[in-house]
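Residue numbers (my numbering), protein chains in the order written: chain A, 238 to 820; chain B, 238 to 820. So the structure is just underneath, and the comments pick up after that.
2 protein chains.
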Amino acid sequence: MESAKYLSEQNIKFLLYDVFNLESLKQFGLYKKHNRKMYDMVLDATFKLAKDLMWPILEEMDREAPFLEDGTVKVHSAVRDIMRECGEGGWIAAGFPEEFDGAQFPVLFNSVCRFIFWAANYSAGVYPDLTAGAARLISSFGDQKLIDTYLSPMLNGEWQGTMALTEPQAGSSLGDIATTAYPAEDGTYRISGSKIFISAGDHNGVDNVVHLLLGKIDGSPQGVKGVSLFVVPKLRPDENGKLVFNDVTVSQVYHKLGYRGCPITELSLGEKEDCHGFLVGEPNRGLACMFQMMNEARIGVGLGATAIASAAYYASLNYAKQREQGRTLNDKSPDRPQTPIINHADVKRMLLFQKSVVEGSLSLLLQASLYADLETALSGEEREKWALILDLLTPIAKSYPSEMGILSVSQGLQCLGGYGYCDDFPLEQYYRDVRIHPIHEGTTGIQGQDLLGRKVMMKDGKAFDLLVEEIQETITVAAGIEELSSLSQQLSHAMEILVDVTGFLKNLAAEAGKETFLADATLYLDLFSIVAIAWQWLKQSIAASKGLAAGSSKSALRFYEGKLATAQYFFKSELPTIRGLQT
Amino acid sequence: MESAKYLSEQNIKFLLYDVFNLESLKQFGLYKKHNRKMYDMVLDATFKLAKDLMWPILEEMDREAPFLEDGTVKVHSAVRDIMRECGEGGWIAAGFPEEFDGAQFPVLFNSVCRFIFWAANYSAGVYPDLTAGAARLISSFGDQKLIDTYLSPMLNGEWQGTMALTEPQAGSSLGDIATTAYPAEDGTYRISGSKIFISAGDHNGVDNVVHLLLGKIDGSPQGVKGVSLFVVPKLRPDENGKLVFNDVTVSQVYHKLGYRGCPITELSLGEKEDCHGFLVGEPNRGLACMFQMMNEARIGVGLGATAIASAAYYASLNYAKQREQGRTLNDKSPDRPQTPIINHADVKRMLLFQKSVVEGSLSLLLQASLYADLETALSGEEREKWALILDLLTPIAKSYPSEMGILSVSQGLQCLGGYGYCDDFPLEQYYRDVRIHPIHEGTTGIQGQDLLGRKVMMKDGKAFDLLVEEIQETITVAAGIEELSSLSQQLSHAMEILVDVTGFLKNLAAEAGKETFLADATLYLDLFSIVAIAWQWLKQSIAASKGLAAGSSKSALRFYEGKLATAQYFFKSELPTIRGLQT
C-alpha cells in the first residue's frame with residue numbers, strides 16, 4: 238500500500254466497520270439497501286477523487302488566492318471541475334433521500350466522505366459541502382416551487398449554495414441582524430442589507446450562487462424572534478426561466494490567514510432595490526430552521542479541523558521517517574551515521590500526540606454522526622434519546638478537534654524544525670488553514686456557553702444523564718477485557734470527576750446566577766472534551782483488542798497495537814490534564 | 238497617556254525599578270555611572286524610535302517580503318534607516334564596554350530595549366540585534382585585527398552581522414557541520430560549503446554582511462570537537478582597505494510562514510575558491526565560543542516571543558474595549574444596546590490569560606537578565622552561583638515564552654473572531670510571526686534535553702539547589718504579607734512537586750539509562766516552567782503589594798490591583814496544570 242499522504246484508509250475502515258458497525262444500520266428501512274460492498278466501492282471512489290482532483294492543487298489554491306475582478310470572484314480553474322465531479326458523481330446529494338436523486342447514505346458514512354475531501358484539500362472540499370448544507374435547508378423547509386427551482390442545479394454542482402448569516406454588527410449575536418426583507422405584492426420579498434464573511438459567496442466556478450440568508454421581515458419583533466430565512470440567489474430565474482441579475486454584489490474579498498482557496502466575501506444586497514428574496518419556512522422562524530442544520534455544520538467544522546490535522550500528522554510522520562539528524566542518546570559517537578528523527582523520544586511523543594488527537598477526534602465525530610443516524614431512523618422516546626445525546630455532544634465535537642487540531646498541526650510543524658516554517662512543505666499552510674475552525678460556526682467561547690448553559694441544563698440534565706449511561710456501557714465492556722481493565726478504571730474515575738464538577742456548577746447556577754455559573758464554561762468544555770475523547774479511545778481499544786484476539790495479517794496486528802499504544806498515551810498524558818481543570 | 242498599542246510602558250518601569258531594582262546595580266563598578274534619570278531618558282528614546290521608525294512599517298515589511306534580485310536580497314527601504322539609527326543612536330553598542338564606544342548598559346536594561354523594538358516590529362528589530370550578537374563574538378574572541386576591521390562598522394549599523402550555523406544535514410546536530418576551512422599560506426582560511434536558514438544573511442540595507450560562521454578546519458576531529466568559528470564577510474577589505482567580493486553568494490531566500498520582514502537565506506561559500514575566512518578564537522573551539530553567547534541569544538528568543546505576544550495582547554484588549562457584540566447574560570433583552578465584548582466573562586478570561594503569559598514571561602526574562610549582570614559584575618563563588626542559576630533558567634526562559642506565546646497570540650486572535658483571521662488587523666501576522674520561536678536557537682525538544690539532561694544534572698544538581706533557594710526566598714517574603722500568604726503556600730506546594738519529580742527523574746537516570754530518563758524531558762520543561770512563572774508572579778505581587786501599601790495615583794493603584802488579580806488568575810488557572818504533568 239502506498240504510504241499515506243494525508244489520511245489512513247485503514248483507520249477509516251476500522252472506525253466505520255469495527256468500531257461503529259456501519260453495516261448494522263441496515264436494520265433500519267432507510268439504509269436497508271446499503272451493504273459493505275457498496276460502501277467500499279464509494280469509499281474507493283472518494284479516495285480517488287480526493288487524490289486525483291483535490292490533493293494536487295492544495296498549494297496552488299493557497300498561493301493563487303481568489304480575487305475580485307469585474308464584479309466576480311475569480312477562483313482556481315479546478316473549482317468548476319470539483320463542483321461538477323461532486324455533483325454528477327453524487328457526492329453533494331449523497332445524504333439526500335432518493336426522492337431528490339440522493340444516495341440516502343447515513344451521516345456516519347457521509348461524514349467520512351467529507352473528512353476524506355477535507356484531508357486532501359480543505360478549501361476545495363468546502364464548495365460542494367456548503368452547497369449540500371444549503372440545499373438541505375431548502376429540501377427541509379422550502380416550498381415545492383423553491384425545491385423545483387433550486388435543488389437540482391445545486392445538487393448537480395452547477396450552482397453554489399451558501400449560508401449568509403453574519404453582519405458587521407451581528408457576528409455571534411445573530412439577533413441583531415439588520416438585513417431587511419420588505420414584502421412585495423407577488424408574495425416574495427425585496428432584500429436590503431449587507432453580509433460579511435460569507436464563504437464561497439461568489440465565484441466563477443459555478444453558474445449561479447444561492448444564498449440561504451437570515452434577515453428580518455420589516456416590522457418583525459426585535460432579537461432572535463424576528464429573524465427569518467430566505468433564499469436569495471445571485472441570478473434569479475425570470476418568468477421565462479432565464480437567469481437575470483438579482484442585485485447581489487460582492488463588495489470585498491477578505492485576505493485571510495489561511496483557508497485561502499475558498500473566497501470569503503462581503504455582500505451588498507439590494508443596492509438597486511431589486512434584490513428578490515424567497516421566504517423559506519415560516520416567518521420569524523429562521524433561526525430555528527438554521528439551527529436544525531447547525532449540528533451538521535458544527536460536526537463539519539470538527540471534521541474539517543480533524544482532516545487538516547490528519548494531513549499534518551502524515552506529513553510530519555513521513556518526514557520523521559526520512560529525515561536523518563543526530564544520534565540516539567545511548568550511542569552519540571560522531572562516527573556513527575545519523576538516525577532518522579523518528580527514533581528520538583521527543584519526536585515520537587509529538588507524533589503520538591498528533592495521532593491521539595486526530596484519531597480520537599475522528600472517532601468522536603463519527604460517534605456523533607451515528608447518533609444523528611439513530612435519531613433519523615428511530616422515533617418516539619428512542620429518537621429523543623439519541624437527539625439529546627447528539628445535542629449535548631455537538632459543541633464538544635465542534636470544539637475539541639478545532640482547538641486541539643491547532644496544537645496538533647503545530648506539533649506536526651515542529652517535527653520539521655525550520656523546514657516546517659517554510660513553504661517547501663505543506664505544514665505552514667495546514668497551520669494557517671486549521672486556525673479558522675475555533676472561529677466559524679460559533680466560536681469556542683460560544684460552544685462552551687452552549688454546552689454548559691443550554692445542553693447540560695436542558696430537560697433537567699437528561700441529556701447529560703443519558704450520555705453518562707452510554708459512556709458507562711463502554712467502561713463496563715472494557716472492564717471485562719483484561720488488558721483494558723486499567724484504562725476502564727481510569728475512565729471511570731474521570732467520569733466521577735466530570736459528574737462532580739457538573740453537579741457543582743449546576744448548584745452554582747442556582748445560587749450565584751448565570752454570569753458566575755458560565756464564567757468558566759470554556760474550561761468546563763475542555764474538561765468534558767478530554768473525558769469524551771478518552772471514552773472514544775477506550776471504544777477503539779475494545780475493537781482493537783477484538784481484532785488482536787481474532788488474529789490477522791501482520792499489518793493489521795501492527796495497526797491494532799498502534800491503537801492500544803495510542804490509547805495508553807492518551808490516558809497517561811492527556812487525560813490527567815483534567816486534574817488541572819477540575820479546580 | 239495614549240492607549241498602549243503593543244506594550245505597557247508602566248509595566249516595563251514597574252519591572253525594571255520596582256521588581257528588579259535596576260538602580261541597585263550601581264553598587265558594581267561596571268554600572269556605577271548609570272542612574273534612573275539616564276535610564277528613563279534612554280527608555281523614552283527607545284519607545285520613540287520603536288514607535289516612529291519600526292511600528293509604522295510592521296505590515297508593509299510583512300506584505301513586501303524580501304526577494305533575491307541580481308544576487309542581492311532586496312529588503313524594505315526602511316531597513317537602512319533602522320540600522321543607521323540603531324547604530325548611530327548607540328543601541329547596537331548599548332551593551333558593549335566603553336572601550337568599544339558602548340554604553341556599558343546592564344543586560345537587564347538591554348533586554349528591555351530589545352523587547353521594546355520587537356514589540357513594535359519583530360522583523361525590524363532582528364537586524365540590529367543580530368549585528369550586536371555577532372559583534373560581541375568578535376569582541377570576546379577575535380584578535381585585535383578582527384576587532385579593528387569589523388567592530389566599528391558593525392556597531393555603527395553600516396555592516397550587518399549574522400550567525401551562520403545551520404547546514405542541510407546539520408540542524409540541531411551541529412557536530413555534523415561539513416563546511417570546510419582550508420588553511421591558506423597567509424594564516425587565513427579558504428572556506429567551502431553551504432549554509433541554510435541564515436537570518437539577514439544578505440540584504441541591501443547595509444554596505445556589507447559579516448557572517449560568524451561555524452566550519453571545520455580540514456582534517457579536524459569528527460563531531461562537535463572539530464568545529465571552529467570564523468569571520469566570513471560578504472565583502473572583504475583588500476590590502477588597501479577596499480572592499481572586494483569574498484565569494485559568498487545567496488542561492489535562495491526562503492518563503493516563510495511569518496517573520497517575513499527579515500530574509501532567511503541559503504548561502505553558498507567558495508564556489509570560486511576565493512572565500513576567505515578568519516579564525517575567531519582557538520581552532521576546534523568554535524562551539525564553545527558560540528555557546529558563550531547562546532544564553533543571550535536564547536533569552537533574545539524568549540524576549541522576541543514575549544514582545545509579539547504583548548503586541549497581540551494590546552491589539553485584542555483595545556479591540557475588546559471597542560467592539561460591541563451581544564449582551565451580558567444577566568440582561569439579554571434585545572432592546573438593550575449591545576455591550577463591548579470585554580464585558581463577556583470568556584473574553585475577560587482570554588485577556589487575563591494573555592496578560593499572565595506576557596507579563597509573567599517578561600518578568601522571568603528580566604530575572605534571567607539580572608542574573609547575567611550579577612555574573613558579569615561579581616567574581617569567584619558568587620559569580621559561579623549566578624552563572625549556574627542563569628544556565629539552569631535559560632532553556633525555560635527560551636521555551637515558555639515561545640510555546641505559551643503561540644497560545645497567547647492565538648487567544649488574542651480569537652478575541653477578534655472572524656476579524657482576527659483577516660489581515661485588516663495585525664493578529665494574523667502576529668500569529669504567523671510568533672511561530673518561529675519554538676524552532677530557532679534550539680527547538681523546544683532540544684531545550685528540554687538541555688534542561689534535564691545537562692543543567693539539572695550539572696555539578697551534582699547544584700544549580701537546581703541554588704534556584705530552589707532563590708525561589709524559597711520569595712516564598713518567605715510573600716508569606717509575611719497577609720494578602721499573599723495563600724499564593725505563597727501554593728507556590729511552596731508546587732515547589733515540593735517540582736523537587737519530587739526532579740528527584741524521581743534523577744533516580745530514573747541512574748536506573749534506566751539516558752534514553753528513558755530523557756523521554757519526557759519536554760514535559761518536565763513544561764512543569765518547571767509553570768512553577769518558574771508562578772514564582773515571578775509572586776515576585777511581582779510582592780512589589781505590587783508594596784506599591785498599594787505606599788498609596789499612589791489612581792492609575793498606579795489600578796495597575797497594582799491588576800497585577801494582583803493576574804497573579805490570582807495564574808495561580809488558580811495555570812499553576813494547577815502541573816498536576817496533570819506530574820504523572
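Positions of the beta carbon are idealized from the N, C-alpha and C atoms, including for glycine.
* Which residues mark the beginning and the end of the alpha helix (DSSP H) in which lysine 270 (chain B) is found? -> For this step, residue 270 (chain B) is matched to residue 33 along the second sequence. Lysine 270 (chain B) -> no alpha helix (DSSP H), and no H or E assigned at all.
* **Distance between beta carbons of glycine 655 (chain A) and threonine 486 (chain A), contact taken as under 8 Å** => Here residue 486 (chain A) refers to the residue found at position 249 when the first sequence is read from its first residue. Here residue 655 (chain A) refers to the residue found at position 418 when the first sequence is read from its first residue. Their Cβ separation, rounded to whole angstroms, is 44 Å, which puts threonine 486 (chain A) and glycine 655 (chain A) out of contact at 8 Å.
* Please name the residue or residues paired with lysine 453 (chain B) in a DSSP beta bridge. => Counting from 1 along the second sequence, the entry for residue 453 (chain B) is found at position 216. Answer is B:Thr417, bridged to lysine 453 (chain B).
* Going by CA-CA distance only, name the one from A:Trp292, A:Val738, A:Gly799, A:Ala771 that's closest to serine 729 (chain A). => As a first step, residue 729 (chain A) is located in the first sequence; it is residue number 492 there, counting from the start. Of A:Trp292, A:Val738, A:Gly799, A:Ala771, the residue nearest in Cα terms is A:Ala771.
* is_contact[glutamate 752 (chain B), chain A] using C-beta, thresh 8 Å -> As a working mapping, residue 752 (chain B) is identified with position 515 in the second sequence. Answer yes: the Cβ-Cβ gap between glutamate 752 (chain B) and chain A drops below 8 Å somewhere.
* **Length of the line joining the Cα atoms of glutamate 748 (chain A) and alanine 758 (chain A)** => On the first sequence, residue 748 (chain A) is found 511 positions in, with the first residue counted as 1. On the first sequence, residue 758 (chain A) is found 521 positions in, with the first residue counted as 1. Computed Cα separation, rounded: 16 Å.
* **Per-residue contacts from histidine 492 (chain B) into chain A (C-beta, under 7 Å)** => Translated into positions along the second sequence, residue 492 (chain B) becomes position 255. Those within 7 Å of histidine 492 (chain B) in chain A are Cys659, Asp660.
* From the DSSP output, in three-state form, read off arginine 351 (chain B) for me. => For the purposes of this step, residue 351 (chain B) is taken as residue 114 along the second sequence, with counting starting at 1. Note: arginine 351 (chain B) maps to helix in three-state DSSP.
* Starting from tyrosine 426 (chain B), follow its DSSP beta bridges and name the residues at the other end. => Along the second sequence, read from residue 1 onward, the residue named residue 426 (chain B) stands at position 189. The partner list for tyrosine 426 (chain B) (beta bridge, DSSP) reads B:Pro420, B:Gly514.
* Chain-order list of residues whose beta-carbon lies under 7 Å from that of leucine 388 (chain B) (same chain, five-residue window excluded) -> Start at 1 with the first residue of the second sequence, and residue 388 (chain B) comes out as number 151. Excluding residues within five positions, the ones whose Cβ falls inside 7 Å are Phe337, Ala372, Ile375, Ser376.
* Asked: Buried or exposed: which applies to alanine 401 (chain A), given that a residue is buried once 16 or more other Cβ atoms fall within 10 Å of its Cβ?
  -> Sequence index remark: in the first sequence, residue 401 (chain A) carries index 164 (1-based). It counts as buried.
* **Cβ contact check for the region 264 to 272 of chain A and the region 607 to 624 of chain A: 3 or more pairs under 8 Å** => yes
* **Cβ shell of cysteine 323 (chain B) (< 6 Å), same chain only, five flanking positions each side left out** => Translated into the one-based positions of the second sequence, residue 323 (chain B) becomes position 86. Here the set comprises Ile329, Pro365, Gly394.
* **Continuous alpha helix (DSSP H) stretch holding glutamate 325 (chain B): start and end** => The sequence position of residue 325 (chain B) within the second sequence is 88, counting from 1. Residues 315 to 325.
* On the three-pair Cβ rule with 8 Å, is the region 351 to 360 of chain A touching the region 474 to 490 of chain A? -> no
* Measuring only between beta-carbons, confirm whether serine 409 (chain B) sits less than 8 Å from chain A. => Numbered from its first residue, the second sequence carries residue 409 (chain B) at position 172. Closer than 8 Å: yes.
* Hey, is phenylalanine 434 (chain B)'s beta-carbon within less than 8 Å of any beta-carbon in chain A? -> Here residue 434 (chain B) is taken as the residue at index 197 of the second sequence, counted from 1. Closer than 8 Å to some Cβ of chain A, the Cβ of phenylalanine 434 (chain B) qualifies, so yes.
* Contact set for alanine 731 (chain B): own chain, Cβ-Cβ below 7 Å, skip 5 residues either direction -> Locating residue 731 (chain B) in the second sequence gives position 494, where the first residue counts as 1. So the list reads Val768, Ala771, Leu812, Ile815, once near-sequence residues are dropped.
* To do: Within its chain, find whatever has a CB closer than 6 Å to the CB of valine 830 (chain B); leave out the 5 residues flanking it on each side and keep chain order.
  => Shown here, chain B extends from 238 to 820; a query on residue 830 (chain B) therefore has no answer.
* serine 413 (chain A) and glutamine 575 (chain B): beta carbons closer than 8 Å? -> Taking the first sequence and counting its residues from 1, the one referred to as residue 413 (chain A) is at position 176. Taking the second sequence and counting its residues from 1, the one referred to as residue 575 (chain B) is at position 338. Note that residue 413 (chain A) is aspartate in the sequence shown here, rather than serine. Contact flag set, yes.
* For leucine 630 (chain A), which residues from the same chain have a beta carbon less than 6 Å from its beta carbon, with the 5 sequence-adjacent residues on both sides left out? -> Stepping through the first sequence from its first residue, residue 630 (chain A) is reached at position 393. So the list reads Ala605, once near-sequence residues are dropped.
* Within the same chain, show all residues whose beta-carbon is closer than 7 Å to that of phenylalanine 482 (chain B), passing over the 5 residues directly before and after it, in chain order. => Against the second sequence, residue 482 (chain B) aligns to sequence position 245. Closer than 7 Å at Cβ, skipping near neighbours: Leu472.
* Excluding the five sequence neighbours on either side, which residues of its own chain have a C-beta within less than 7 Å of the C-beta of methionine 530 (chain B), listed in chain order? -> Working through the second sequence from its first residue, we reach residue 530 (chain B) at position 293. Excluding positions up to five away in sequence, the list reads Gly370, Arg373, Leu374.
* To do: Any chance you could list the beta strand (DSSP E) runs of at least 3 consecutive residues sitting entirely within the region 376 to 401 of chain B, in chain order?
  => 396 to 401
* Per-residue burial, glutamate 404 (chain A) [other beta carbons within 10 Å of its own, 16 or more giving buried] -> Residue 404 (chain A) sits at position 167 when you count from the first residue of the first sequence. Flag for glutamate 404 (chain A) reads buried.
* Run down chain B in chain order and give the residues with a C-beta less than 9 Å from the C-beta of arginine 321 (chain A). => To locate residue 321 (chain A), count along the first sequence from 1; it is residue 84. Chain B residues near arginine 321 (chain A): none, gap ~29 Å exceeds 9 Å.
* Asked: Whose CA, out of B:Gly495, B:Thr416, B:Tyr254, lies closest to the CA of glycine 456 (chain B)?
  -> Here residue 456 (chain B) refers to the residue found at position 219 when the second sequence is read from its first residue. Comparing Cα-Cα distances from glycine 456 (chain B) to each of B:Gly495, B:Thr416, B:Tyr254, the minimum goes to B:Thr416.
* Asked: Below 8 Å between beta carbons: does that hold for tyrosine 419 (chain B) and serine 593 (chain B)?
  -> Looking up residue 419 (chain B) in the second sequence gives position 182. Looking up residue 593 (chain B) in the second sequence gives position 356. No, the pair does not count as a contact, with Cβ atoms beyond the cut-off.
* Interface residues of the region 671 to 685 of chain B facing chain A [CB-CB below 9 Å] -> Arg672, Ile673, Pro675, Ile676, His677, Thr680, Thr681, Gly682, Ile683, Gly685
* Could you say which of A:Cys499, A:Met695, A:His581 lies nearest to phenylalanine 304 (chain A) if we only look at CA atoms? => Here the question's residue 304 (chain A) lines up with position 67 in the first sequence. If we check each option's Cα against that of phenylalanine 304 (chain A), A:Cys499 comes out closest.
* How many Å lie between asparagine 521 (chain B) and valine 461 (chain B) at the Cα? -> Indexing the second sequence from 1 puts residue 521 (chain B) at position 284. Indexing the second sequence from 1 puts residue 461 (chain B) at position 224. Approximately 8 Å, taken between the alpha carbons.
* To do: Check the C-beta distance from serine 645 (chain B) over to alanine 549 (chain B) and give it rounded, since I have them as a contact under 8 Å.
  => As a position in the second sequence, residue 645 (chain B) is number 408, starting the count at 1. As a position in the second sequence, residue 549 (chain B) is number 312, starting the count at 1. The pair is a contact, with the Cβ atoms about 7 Å apart (cut-off 8 Å).
* **CA nearest to the CA of asparagine 555 (chain B), picked from B:Met527, B:Phe342, B:Phe662, B:Pro458** => Along the second sequence, one-based indexing puts residue 555 (chain B) at 318. Comparing Cα positions, the closest option is B:Phe662.
* Per DSSP, which one or two residues make a beta bridge with phenylalanine 482 (chain B)? -> Here the question's residue 482 (chain B) lines up with position 245 in the second sequence. Phenylalanine 482 (chain B) is bridged to B:Leu472.
* Helix, strand or coil at leucine 304 (chain A) according to DSSP, with G and I counted as helix -> In the first sequence, the residue the question calls residue 304 (chain A) occupies position 67. Leucine is not the amino acid found at residue 304 (chain A); the sequence shown has phenylalanine there. Three-state DSSP puts phenylalanine 304 (chain A) in a strand.
* Asked: Going along the chain, which unbroken runs of the alpha helix (DSSP H) with 4 or more residues stay wholly within the region 650 to 725 of chain A?
  -> 664 to 670, 681 to 686, 699 to 716
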